[in-house]
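Asks: Converting from the first sequence to the working numbering requires adding 146 to each position, the first position being numbered 1. Glycine included, every Cβ here is placed at the ideal spot set by N, Cα and C. This is the structure I want to talk about, given as structure tokens.
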Amino acid sequence: MNIYRTLYGAYGPRHWWPGETPFEVMVGAILTQNTSWKNVEKAIQKLKEKGLLNPKGIHRLKPGPLASLIRSSGYYRIKAERLKTFVGFLFEQYGGDIKKMKRRKFMELREELLGVNGIGPETADSILLYGLQKPIFVVDAYTKRILSRHGIISEGASYGEMQNLFMDHLPHDEKLFNEYHALLVHLGKNVCKKNPECDICPIKGI
DNA sequence: GACCAGGCACATC
DNA sequence: GATGTGCATGGT
147 MNIYRTLYGA YGPRHWWPGE TPFEVMVGAI LTQNTSWKNV EKAIQKLKEK
197 GLLNPKGIHR LKPGPLASLI RSSGYYRIKA ERLKTFVGFL FEQYGGDIKK
247 MKRRKFMELR EELLGVNGIG PETADSILLY GLQKPIFVVD AYTKRILSRH
297 GIISEGASYG EMQNLFMDHL PHDEKLFNEY HALLVHLGKN VCKKNPECDI
347 CPIKGI
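The following block contains the structure:
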């Protein structure tokens, strides 16, 4: 919590995860797997231009054409399949209705998502937190790097261990989890990269 | 021309 | 359970 307060004091609210709709956030969560957000934005933009950035639009597209639209996000063939699989799940279980999905108990939904091929823990948690406003903490490469570099966790720590570290010590508040993770990403992107020695890192020594 | 970026599945031991 | 590999574009 001290780290959170320090980061918030340094950078203020980040208003994070760009995306006009929950579905857009979910698509972004899959496309950004091991990929820079800039490349994902271009792919999202293409889908938008074609009016296909909605469950029906993706559902009707064939993998080939979908792959060429999302080419800029890398791994485009496998990601086209993953989007198709996810949207297939959305229609199969929830009739293609995000609102219906949102009404599901979220820890049970999390298990369902993890069962979908192409959705791992980070993607599932991003969908839940940033797409559906559920109180779950998202761990990503930035989070892991920052925690291990400051000696808060060991390098080999698992996803669950890192997630529990936050969730065991913080109130389960969606807004807090959202903001906290966003601040960690901001720190990772804008500070750690330029200062690998951590001299100017605001959370040094906390 | 390396190296990296908001992972995941799958094979193998 | 741990470790290794394929997937692919675009920026530095």
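Can you grab the Cα-Cα spacing for the pair Gly197 / Val171, in whole Å?
Replies: If I take the Cα positions, the gap works out to 16 Å.
Asks: Compare the C-alpha of Lys245 against each of Asp271, Lys188 and Thr167 and name the closest.
Replies: Ranking the options by Cα distance to Lys245, first place goes to Thr167.
Asks: For Gln191, count neighbouring C-beta atoms within 10 Å of its own C-beta (all shown protein chains included) and say buried if the count is 16 or more, exposed if not.
Replies: Exposed is the call here.
Asks: Smallest Cα separation from Ile204: which of Val233, Asn185 and Ile176?
Replies: Comparing Cα positions, the closest option is Val233.
Asks: Nearest by alpha-carbon distance to Tyr221: which of Tyr240, Ala189, Ala156 and Phe235 is it?
Replies: Cα-wise, what sits closest to Tyr221 is Ala189.
Asks: At which residues does the alpha helix (DSSP H) containing Phe283 begin and terminate?
Replies: Per DSSP, Phe283 belongs to no alpha helix (DSSP H) and is neither H nor E.
Asks: Roughly how far, in whole angstroms, is the beta-carbon of Pro201 from the beta-carbon of Leu229, given that I think they are within contact range, below 8 Å?
Replies: Incorrect: roughly 10 Å between the Cβ atoms, too far for contact.
Asks: What are the uninterrupted segments assigned as alpha helix (DSSP H) that are 4 or more residues long and contained completely in the segment 269-315, given in chain order?
Replies: Segments of the alpha helix (DSSP H) lying fully in the segment 269-315: 287-295 and 305-315.
Asks: Hey, Ser219 and Asn185: beta-carbon distance below 7 Å or not?
Replies: Closer than 7 Å, so yes.
Asks: From the DSSP output, in three-state form, read off Asn336 for me.
Replies: Residue state, collapsed to three classes: helix.
Asks: To the nearest angstrom, report how far apart Ala328 and His296 are at their CA atoms.
Replies: So the alpha carbons of these two residues sit roughly 18 Å apart.
Asks: Taking only three categories from DSSP, how would you classify Lys196?
Replies: Correct three-state label for Lys196: coil.
Asks: By alpha-carbon positions, which one of Ile346, His315, Phe283 and Cys338 ends up nearest to Glu325?
Replies: For the residues Ile346, His315, Phe283 and Cys338, the minimum Cα distance to Glu325 belongs to Phe283.
Asks: Which residues bound the alpha helix (DSSP H) around Glu258?
Replies: From DSSP, the alpha helix (DSSP H) with Glu258 extends over Phe252 to Leu260.
Asks: Identify, in the order they occur along the chain, each residue of the same chain with its Cβ nearer than 8 Å to the Cβ of Asp271, setting aside the five sequence neighbours on each side.
Replies: If we look at Asp271 and ignore the five residues flanking it on each side, its Cβ neighbours are Arg256, Ile282, Phe283, Val284, Val285 and Gln309.
Asks: Take Val173 as the anchor and find which of Met247, Ile273 and Gly158 has the nearest alpha-carbon.
Replies: Checking every option, the nearest Cα to that of Val173 belongs to Ile273.
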